[in-house]
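Colleague: Residue numbers (my numbering): 153 to 213.
Submitted below is the structure of interest, expressed as structure tokens.
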Amino acid sequence: MMTKHDPFEELDDDKKPKGQSIKQMMLENDHYAPKKHSKLSFVIFIITLLIIIFIVGMFII
Numbered sequence: 153m154m155t156k157h158d159p160f161e162e163l164d165d166d167k168k169p170k171g172q173s174i175k176q177m178m179l180e181n182d183h184y185a186p187k188k189h190s191k192l193s194f195v196i197f198i199i200t201l202l203i204i205i206f207i208v209g210m211f212i213i
């Protein structure tokens with residue numbers, strides 16, 4: 153029977169890192185939920201950028 157090789161197990165066995173292991177950090181990244189504030193800020197930034205491009209375009213023409 154073949155077992156799936158996990159390269160992160162080798163890293164965890166060879167050297168015990170201080171704090172979190174790479175595997176743990178990757179698992180936390182999978183469950184990371186972006187903040188609502190950052191999404192709202194991004195939308196406002198894009199809209200502002202489009203308005204500025206539109207105004208500059210009107211002056212050029």
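Think of the CB as a built atom: it goes at the ideal place given N, C-alpha and C, for glycine as much as any other residue.
Note that this is a predicted model, so its numbers are computed, not measured.
Spatial neighbours of L201 within its chain, please: C-beta separation below 6 angstroms, excluding the five flanking residues on both sides.
Modeller: Residue 201 sits at position 49 when you count from the first residue of the sequence shown. Taken in chain order, the list of residues that qualify is empty.
Colleague: So, with DSSP's three-state summary, where would you put H200?
Modeller: Numbered from its first residue, the sequence shown carries residue 200 at position 48. Sequence check: residue 200 is Thr here, not His. DSSP places T200 in helix when its eight states are reduced to three.
Colleague: Starting from I213, trace the alpha helix (DSSP H) in both directions and tell me its first and last residue.
Modeller: Position 61 of the sequence shown, counted from the first residue, corresponds to residue 213. First-last for I213: undefined, no H or E at that position.
Colleague: Helix, strand or coil for S173 per DSSP?
Modeller: Within the sequence shown, residue 173 is the residue found at index 21, counting from 1. In the structure shown, S173 sits in coil (DSSP, three-state: anything other than H, G, I, E or B).
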